[in-house]
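Each residue of the sequence shown is one higher than the last, beginning at 242 in this note's numbering. Report on the structure given below.
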Amino acid sequence: MLFHTIPKHTDYSIDNLRYEELNQMLLADIIEICRERNLPTEGTKSQLISDLLFWKENTTRLVPAPSTPRLNEFEISQYTSSTPNTSAMKNEREALRSREFSMLFLNGETDTGLDIPYKELVIKRKIGSGGFKDCYEGNKHYVRKNNNFFYKQIAKFRCLQRSNNIAEAVAVGELRITRFNEINLAEIKHEINVLKQLRHENVVKFIGVCTHPSHLCIVTELCSKGDLFDVIRAYPRPSFAQQVMYMYDIALGVAYLHTRRPSIIHRDLKSMNVLVSSDDRAKINDFGLARIRPRANALMHTQCGTPNW
Numbered sequence: 242m243l244f245h246t247i248p249k250h251t252d253y254s255i256d257n258l259r260y261e262e263l264n265q266m267l268l269a270d271i272i273e274i275c276r277e278r279n280l281p282t283e284g285t286k287s288q289l290i291s292d293l294l295f296w297k298e299n300t301t302r303l304v305p306a307p308s309t310p311r312l313n314e315f316e317i318s319q320y321t322s323s324t325p326n327t328s329a330m331k332n333e334r335e336a337l338r339s340r341e342f343s344m345l346f347l348n349g350e351t352d353t354g355l356d357i358p359y360k361e362l363v364i365k366r367k368i369g370s371g372g373f374k375d376c377y378e379g380n381k382h383y384v385r386k387n388n389n390f391f392y393k394q395i396a397k398f399r400c401l402q403r404s405n406n407i408a409e410a411v412a413v414g415e416l417r418i419t420r421f422n423e424i425n426l427a428e429i430k431h432e433i434n435v436l437k438q439l440r441h442e443n444v445v446k447f448i449g450v451c452t453h454p455s456h457l458c459i460v461t462e463l464c465s466k467g468d469l470f471d472v473i474r475a476y477p478r479p480s481f482a483q484q485v486m487y488m489y490d491i492a493l494g495v496a497y498l499h500t501r502r503p504s505i506i507h508r509d510l511k512s513m514n515v516l517v518s519s520d521d522r523a524k525i526n527d528f529g530l531a532r533i534r535p536r537a538n539a540l541m542h543t544q545c546g547t548p549n550w
C-alpha cells in the first residue's frame with residue numbers, strides 16, 4: 242500500500258476556535274497550523290496561539306476543510322524521487338513531539354538532566370506489566386566527564402576514554418502511548434511530579450524520563466528481586482528476621498513520606514507496590530494514587546487503594 246489516510250487535524254479553519262480550544266491541541270499541531278498560514282513556528286505554545294488569534298482577527302483569508310481525508314504523502318518516498326526529504330520531515334515531527342512531552346512532564350528550568358535520550362537506554366527482558374505501562378530491565382549508558390587537566394593529558398596516551406563509558410542498571414517503564422487519553426497523561430504527569438521530589442533509600446529512586454515520541458519511558462532504579470508479594474511467596478521463603486527487616490524498611494520509607502514538607506500520602510501501600518533490591522532492601526514504589534498534603538492538618542477523604550489491602 243503506497244499511502245494511507247491519517248486523521249485531519251490542521252486542514253480546517255480556525256475561524257470558530259477560541260484560545261481554550263486551541264490550547265487543548267497538541268503543540269505539534271499548533272506549529273503545523275502556523276506553518277500552513279506562513280506564521281512564525283518558534284516560541285511557546287501560548288505565543289503561537291496568540292499569533293494565530295491575531296492572524297484570525299486581521300485577515301479574511303480562510304483555509305477550507307478538505308472534501309476528502311488528507312493522505313500521508315510520506316509513505317511513497319521510496320517510489321518517487323520528487324518527494325521532499327521525508328527523513329528530515331519525520332525527524333522534525335519527532336523532535337516536536339519529544340519537545341511537547343518534555344514540556345508536559347518536566348520543568349525545563351528545574352529538571353535539567355532528567356530528560357534521557359532514548360539512544361542512552363538499552364532495553365532487555367520484560368519484568369512486569371501494568372495498566373498502560375510495560376516494565377523492562379535495562380541499562381542507561383552515559384559518559385563520565387572528568388575535567389581534570391592532568392587526567393586528560395594522561396588519557397591521550399593511555400586511551401582512558403573508553404573507561405568513561407558507564408552502564409547503569411535501571412528499570413524502564415515504557416508507556417503504551419497509543420492507549421493514552423487526557424486522564425492517563427494527567428496521572429503520569431502527577432506520578433512523575435511526585436517521584437522527582439523523593440530521595441530516600443527506602444523509596445524507589447527516580448532517574449528520569451525519556452520523551453521520545455515513540456518510546457515514552459519512566460526510568461527508575463532497578464530492584465532485581467521483584468515485588469515483595471512474590472518475594473515472600475518464593476521458595477525458600479525469606480527468614481523471619483529478613484521479613485522483619487522488610488517491615489522496618491517500609492516503616493522508614495513511610496515515615497520519610499509523612500514527615501517531609503510537604504508530606505506525601507501514598508494511598509495504595511501493599512506488598513505488590515514494594516520492590517526488593519539485590520541487597521534485600523525494601524523500597525516503596527508506584528505513586529500513581531499518591532497525594533501531596535499541603536498542610537499538616539489536611540485530611541484525605543477519597544476512597545482509593547486496592548480491596549483486601
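Yeah, the Cβ is synthetic: ideal placement off N, Cα and C, and Gly gets one too.
Residue i versus the options, residue with shortest Cα-Cα distance
i           : options            : result
residue 345 : 495, 266, 498, 500 : 266
residue 525 : 509, 364, 532      : 509
residue 530 : 435, 264, 450      : 435
residue 371 : 532, 533, 527      : 527
residue 255 : 296, 440, 407, 471 : 296
residue 454 : 494, 447, 417      : 417
residue 433 : 442, 460, 407, 293 : 460
residue 343 : 428, 452, 293      : 452
residue 427 : 373, 521, 503      : 373
residue 284 : 294, 268, 533      : 268
residue 438 : 467, 505, 493, 486 : 505
residue 483 : 467, 522, 511      : 522
residue 347 : 493, 431, 276      : 431
residue 520 : 493, 486, 429      : 486
Euclidean distance between Cα positions of residue i and residue j
i           : j           : result
residue 488 : residue 280 : 60 angstroms
residue 409 : residue 379 : 8 angstroms
residue 499 : residue 440 : 13 angstroms
residue 282 : residue 274 : 9 angstroms
residue 473 : residue 491 : 14 angstroms
residue 262 : residue 458 : 28 angstroms
residue 448 : residue 475 : 29 angstroms
residue 354 : residue 278 : 36 angstroms
residue 477 : residue 375 : 28 angstroms
residue 507 : residue 422 : 24 angstroms
residue 467 : residue 444 : 14 angstroms
residue 446 : residue 298 : 50 angstroms
residue 511 : residue 493 : 15 angstroms
residue 442 : residue 532 : 20 angstroms
residue 289 : residue 503 : 35 angstroms
residue 291 : residue 424 : 26 angstroms
residue 513 : residue 501 : 24 angstroms
residue 363 : residue 260 : 41 angstroms
residue 407 : residue 429 : 29 angstroms
residue 497 : residue 276 : 50 angstroms
Beta-carbon gap between residue i and residue j smaller than 9 angstroms
i           : j           : result
residue 415 : residue 456 : yes
residue 264 : residue 287 : yes
residue 413 : residue 469 : no
residue 368 : residue 450 : no
residue 518 : residue 465 : yes
residue 462 : residue 495 : no
residue 377 : residue 360 : no
residue 271 : residue 293 : yes
Identity of the residues DSSP links to residue i by a beta bridge
i           : result
residue 525 : 444, 515
residue 380 : 363, 410
residue 416 : 374
residue 369 : 376
residue 457 : 452
residue 520 : Answer by DSSP bridge pairing: none, since residue 520 is not bridged.
residue 462 : 411
residue 356 : 450
residue 468 : 516
If you scan the segment 256-299 from start to end, which runs of the alpha helix (DSSP H) of 4 or more residues do you find wholly inside it?
-> 260-264, 268-277, 286-298
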